[in-house]
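Here is the structure we will look at, set down as structure tokens.
Numbering (the UniProt record's numbering), first residue to last: 1 to 306.
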């Protein structure tokens, strides 16, 4: 057997070690160490400011990242303060191990990349609503909203995310715009603004409260003019229908006149008395006319019948 030296027993150290941090979630990553036909495992340790300056530069193993086969480690729970941290990783294969690979630059969570919030703006009736992505208890959101065409911008800070956040009550037909940014109090940093989203309130299909008196008068004027014309028409020139009782009474008067002038006038003269036009006698009046002719018949018999 050819004895192996210590250098030959070592595995290659992981390369390209770096940390990816987005929205306060931190992941240590590295390039894999390849050994043909073998599964290489990895272990990760960290060192904070206290360990480095006051505890003899000790390193603390991360139990969740001990002898793992993946090439990344979630160190979010271990990076618990806004101070510089150092991290390192090495490869393991059975009893063989590699040298430690350490970050070239210390990591501070203040450098985490904060993304603009994912949001959805909507209108529920006259209510301006926004729905925000829940990023966890460490996050707040600064929401800015305004009525389009006006310079005044309102700001609302949301610390606890519910399903939907109510921003304001909209005016009918008006357009409102919203944008937001993420804020983390622990590092006193904000993200860039999200894209502005705009929605419009309900339209003019109903009569909104903001219609001006002038517009209301213009809309109501034609109706008022028509209504007044109807009132004047029925007040000055009402349509009156003559009751049947009056028609019957008039026929009775004609009958009385006929009897007074019996023997003196002919039936043709009697027909000249005021009364309904020929052809328009009601049935009851026609019967009384025939009765009058029968009673007064002696002196009227020679006259013409109408």
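Idealized CB from N, CA, C, for every residue including glycine.
Do residue i and residue j have their C-beta atoms within less than 8 Å of each other?
| i | j | result |
| --- | --- | --- |
| residue 11 | residue 33 | yes |
| residue 90 | residue 9 | no |
| residue 115 | residue 22 | yes |
| residue 134 | residue 161 | yes |
| residue 109 | residue 79 | yes |
| residue 43 | residue 92 | yes |
| residue 331 | residue 62 | Residue 331 lies beyond the stretch modelled for the chain, which goes from 1 to 306, so this question has no answer here. |
| residue 140 | residue 171 | no |
| residue 26 | residue 83 | no |
| residue 121 | residue 165 | no |
Quick one: grab the DSSP three-state call for residue i.
| i | result |
| --- | --- |
| residue 52 | helix |
| residue 119 | strand |
| residue 144 | strand |
| residue 34 | coil |
| residue 222 | helix |
| residue 155 | strand |
| residue 110 | helix |
| residue 209 | Reliability of the predicted coordinates at residue 209 is poor, the pLDDT of 45 falling under 50, and no value is obtained from them. |
| residue 180 | strand |
| residue 309 | The structure shown does not extend to residue 309, since the chain spans only 1 to 306, so no value can be given for it. |
Who are the Cβ neighbours of residue i in its own chain at under 8 Å, not counting the five residues just before and after it?
| i | result |
| --- | --- |
| residue 102 | 17, 86, 87, 88 |
| residue 174 | 147, 148, 200, 201 |
| residue 38 | 93 |
| residue 150 | none |
| residue 97 | 10, 11, 90, 91 |
By alpha-carbon positions, which one of the options ends up nearest to residue i?
| i | options | result |
| --- | --- | --- |
| residue 35 | 53, 19, 22, 69 | 69 |
| residue 119 | 111, 113, 130 | 130 |
| residue 105 | 225, 221, 28, 227 | 28 |
| residue 137 | 159, 155, 77, 144 | 159 |
| residue 127 | 176, 155, 99 | 176 |
Can you list, in chain order, the residues of its chain with a C-beta nearer than 6 Å to that of residue i? Leave out the 5 residues immediately preceding and following it.
| i | result |
| --- | --- |
| residue 142 | 157, 181, 183 |
To which residues of the same chain is residue i closer than 7 Å at the C-beta, ignoring the five residues directly before and after it?
| i | result |
| --- | --- |
| residue 191 | 114, 115, 116, 181, 182 |
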